[in-house]
Amino acid sequence: MYDFVVVGAGPAGSRFSRQAARAGHDVLCLERGEVGRPLACSGHVSTDIWNFTPEGARNELLQNEVSGARFHVGGPGSESHLFYKDETISNVIDRIGLDRTLARAAREAGADLRENHSVVGLDEDADGVTVRVRTPDGTETVRTRMVAGCDGPVSRVRRELDMPEPGEKLQGILAFSEERDPGSHVDVHLTVPEFFAWRIPRGDAGVEYGLGAAPGENATDLFDRFLDAYGVETGETCAGMIPIGPAERVTSDRVFLVGDAAAQTKPFTGGGILYGMTAADHAAHEIDPQQPETLGKYERAWRSDLVREIRLGHWVRRAYSLPDAVQRTGLSALSGKIGVHMDKPSTLFSLESLKTLLSRS
0 MYDFVVVGAG PAGSRFSRQA ARAGHDVLCL ERGEVGRPLA CSGHVSTDIW
50 NFTPEGARNE LLQNEVSGAR FHVGGPGSES HLFYKDETIS NVIDRIGLDR
100 TLARAAREAG ADLRENHSVV GLDEDADGVT VRVRTPDGTE TVRTRMVAGC
150 DGPVSRVRRE LDMPEPGEKL QGILAFSEER DPGSHVDVHL TVPEFFAWRI
200 PRGDAGVEYG LGAAPGENAT DLFDRFLDAY GVETGETCAG MIPIGPAERV
250 TSDRVFLVGD AAAQTKPFTG GGILYGMTAA DHAAHEIDPQ QPETLGKYER
300 AWRSDLVREI RLGHWVRRAY SLPDAVQRTG LSALSGKIGV HMDKPSTLFS
350 LESLKTLLSR S
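For the sequence shown, numbering that gives the first Met the number 0 assigns the number 0 to the initial residue and increments by one for each residue that follows.
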């Protein structure tokens, strides 16, 4: 009988596995394939990422430092509006390397992390959860007190227990060119209906191109046109769903969701690495596997920490659908030096942000 079976070894799953194992729990983490593969997420993150990684990870994973973003209402070559800080705002990292680093840290903490193990069924009962697992050697059955569903936007755990779905799932798509670009600014193009496209310089590692598209849009066609406009050739395309809007409940009797499975993401960028690992820390701190009622403490803790930012993020995203003329006017008026944290839209209203705006005037 394990204390926790963790389904998925992405950032949220590996972070929870590490923290729960460090707390003395018996943890089994199951990854359906190879950790870090297939890639389906951007490697542009806030500098807060290093608060969640083991010592030395920054030296291994850092590819570039970013201090601002150029916003375009049109495509490449169109007028841009720069938002920046004098210091580094965010980092570009080896995204596959991040997953592997976090998985290694979970193992070192004592978690049993197994690759090529797919969960194919779950059954809750009064005493625990029976988990059916497809392994390289056949199907096995595992017993655990609780299950952490950290298995991404199309969560098998969520579907098996008929838990509520995220409010929306966008289509994410990205690819990389071999251009060397040590630039410190990313480019954001508000040319995709209801979302945006991006270009992220990765120093010697190349350039990342990507976009998010609303349901019903042809993401592949939009992405091909975006790359054509830049006149670049890229390698293999990576694609995945981006969950937006957590459900009113991400727990059942003995199962809880974390990360993309719970739609713990930023509505205005789709990023979920930091939000997911933040929620994982709350889960490890609040949940006692022998007391199912503590799942309610997890629900309250992560929502208290993140829901305000998520709600404000929905308001920021609405600006992507404003008429072009309104977007240009707004970007022209607000561009310049900023005092905003990329993971926290609430900082738009902070004292630092106000002082920065006043200093510009």
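We treat Cβ as the ideally placed atom computed from N, Cα and C, and that holds for glycine.
(request) Report yes if the CB atom of Met145 is closer than 8 Å to the CB atom of Phe3, and no otherwise. (result) Here residue 145 refers to the residue found at position 146 of the sequence shown. Here residue 3 refers to the residue found at position 4 of the sequence shown. In this structure, Phe3 lies closer than 8 Å to Met145 by Cβ.
(request) To the nearest angstrom, report how far apart Tyr319 and Gln290 are at their CA atoms. (result) As a position in the sequence shown, residue 319 is number 320, starting the count at 1. As a position in the sequence shown, residue 290 is number 291, starting the count at 1. Going by the C-alpha atoms only, they are around 44 Å apart.
(message) For a quick check, are the C-beta atoms of Phe195 and Gly211 less than 8 Å apart?
(response) Residue 195 sits at position 196 when you count from the first residue of the sequence shown. Residue 211 sits at position 212 when you count from the first residue of the sequence shown. Yes.
(request) Determine the direct distance from the alpha carbon of His43 to that of Arg201, and round the result to whole angstroms. (result) In the sequence shown, counting from the first residue as 1, residue 201 sits at position 202. In the sequence shown, counting from the first residue as 1, residue 43 sits at position 44. Roughly 9 Å separates the two Cα atoms.
(message) Taking the straight line between their C-alpha atoms, what separation do you get for Glu308 and Val26?
(response) Reading the sequence shown from its first residue, position 309 is the one you call residue 308. Reading the sequence shown from its first residue, position 27 is the one you call residue 26. Rounded to whole angstroms, Glu308 to Val26 spans 31 Å at the Cα level.
(message) Assess contact between the segment 321-336 and the segment 276-283, defined as three or more Cβ pairs (one per stretch) separated by less than 8 Å. Is contact present?
(response) Because the criterion of three Cβ pairs below 8 Å is not met, the segment 321-336 and the segment 276-283 do not touch.
(message) Using the three-state DSSP reduction, which class does Arg133 fall into: helix, strand or coil?
(response) Taking the sequence shown and counting its residues from 1, one reaches residue 133 at position 134. Strand.
(request) Report the three-state DSSP secondary structure of Pro288 (helix, strand or coil). (result) In the sequence shown, residue 288 corresponds to position 289, counting from 1. Secondary structure of Pro288 (DSSP, three-state): coil.
(message) What does DSSP give as the partner residue(s) for Asp180 in the beta ladder?
(response) Residue numbering aside, residue 180 sits at position 181 when the sequence shown is read from its first letter. DSSP output for Asp180 lists Gly202 as bridge partner(s).
(message) On the DSSP bridge list, what partners appear for Gln170?
(response) Locating residue 170 in the sequence shown gives position 171, counting from the first residue. Ala212 and Met240, per the DSSP bridge assignment.
(request) Can you grab the Cα-Cα spacing for the pair Ile337 / Arg198, in whole Å? (result) Counting from 1 along the sequence shown, the entry for residue 337 is found at position 338. Counting from 1 along the sequence shown, the entry for residue 198 is found at position 199. Put simply, the backbone Cα of Ile337 is about 20 Å away from that of Arg198.
(request) Could you tell me which residues DSSP puts in a beta bridge with Tyr83? (result) As a first step, residue 83 is located in the sequence shown; it is residue number 84 there, counting from the start. Answer is Gly67 and Lys336, bridged to Tyr83.
(message) Assuming Glu298 and Thr250 are in contact, meaning their beta carbons sit under 8 Å apart, how far apart are those beta carbons, in whole angstroms?
(response) Taking the sequence shown and counting its residues from 1, the one referred to as residue 298 is at position 299. Taking the sequence shown and counting its residues from 1, the one referred to as residue 250 is at position 251. The Cβ separation is near 6 Å, so the contact holds.
(message) My assumption, with CB atoms under 8 Å, is that Thr140 sits in contact with Met0. Please give the rounded CB distance.
(response) To locate residue 140, count along the sequence shown from 1; it is residue 141. To locate residue 0, count along the sequence shown from 1; it is residue 1. Rounded, the Cβ-Cβ distance is 12 Å, inconsistent with contact.
(message) On a Cα-Cα basis, can you pick out the residue from Thr293, Leu60, Ala11 and Val187 that is closest to His71?
(response) The residue given as residue 71 occupies position 72 in the sequence shown. Ranking the options by Cα distance to His71, first place goes to Val187.
(request) Return the first residue and the last residue of the beta strand (DSSP E) that His43 is part of. (result) Your numbering for residue 43 matches position 44 in the sequence shown. Start and end: His43 to Ser45.
(message) Report the CB separation of Pro152 from Asp98 in whole angstroms; it is logged as a contact under 8 Å.
(response) Residue mapping note: residue 152 aligns to position 153 of the sequence shown, counting from 1. Residue mapping note: residue 98 aligns to position 99 of the sequence shown, counting from 1. No, Pro152 and Asp98 are not in contact; Cβ-Cβ is about 16 Å, not under 8 Å.
(message) Quick check: what's the CA-CA separation for Leu60 versus Ile92?
(response) Against the sequence shown, residue 60 aligns to sequence position 61. Against the sequence shown, residue 92 aligns to sequence position 93. Approximately 5 Å, taken between the alpha carbons.
(message) So, with DSSP's three-state summary, where would you put Ser251?
(response) If you number the sequence shown from 1, residue 251 lands on position 252. In the three-state scheme derived from DSSP, where H, G and I count as helix and E and B as strand, Ser251 is classed as coil.
(request) Report the rounded CA-to-CA distance for Ala104 versus Arg69, giving the unit in angstroms. (result) Residue mapping note: residue 104 aligns to position 105 of the sequence shown, counting from 1. Residue mapping note: residue 69 aligns to position 70 of the sequence shown, counting from 1. Distance between the alpha carbons of Ala104 and Arg69 is about 36 Å.
(request) Look at Gly209 and Gly171 and say whether their C-beta atoms are less than 8 Å apart. (result) For this step, residue 209 is matched to residue 210 along the sequence shown. For this step, residue 171 is matched to residue 172 along the sequence shown. Cβ distance < 8 Å, so Gly209 and Gly171 count as in contact.
(request) Consult DSSP for Lys296 and reduce its assignment to one of helix, strand or coil. (result) Indexing the sequence shown from 1 puts residue 296 at position 297. The DSSP-derived three-state label of Lys296 is helix.
(message) For the segment 224-233 against the segment 268-277, do three or more pairs of beta-carbon atoms, one drawn from each stretch, fall closer than 8 Å, so that the two count as touching?
(response) Short answer: they don't touch.
(request) List the residues that DSSP assigns as beta-bridge partners of Asp122. (result) In the sequence shown, residue 122 corresponds to position 123, counting from 1. Partner(s): Thr129.
(message) I'd like to know whether the C-beta atoms of Gln18 and Ala204 end up nearer to each other than 8 Å.
(response) By one-based count along the sequence shown, residue 18 stands at place 19. By one-based count along the sequence shown, residue 204 stands at place 205. With respect to the 8 Å criterion, Gln18 and Ala204 are not classified as neighbours on the basis of their beta carbons.
(request) Can you tell me which of the three DSSP states Val156 falls into? (result) The residue given as residue 156 occupies position 157 in the sequence shown. Three-state DSSP puts Val156 in a helix.
(request) Please name the residue in Glu207, Arg253, Leu294 and Val118 whose C-alpha comes closest to that of Arg179. (result) As a first step, residue 179 must be located in the sequence shown, where it is residue number 180. For Arg179, the nearest C-alpha among the options comes from Glu207.
(request) Confirm, please, whether the CB-CB distance from Ala56 to Thr100 is below 8 Å. (result) Taking the first residue of the sequence shown as 1, we reach residue 100 at position 101. Taking the first residue of the sequence shown as 1, we reach residue 56 at position 57. For Thr100 and Ala56, yes; Cβs fall inside 8 Å.
(message) Considering only DSSP beta bridges, list what Asp111 is partnered with.
(response) Here residue 111 corresponds to residue number 112 of the sequence shown, with the count starting at 1. For Asp111, which the question treats as bridged, DSSP gives the partners Leu27.
(request) Mind checking which residues open and close the beta strand (DSSP E) that includes Phe222? (result) Along the sequence shown, one-based indexing puts residue 222 at 223. Segment Ala218 to Tyr229 is the alpha helix (DSSP H) holding Phe222; no beta strand (DSSP E) there.
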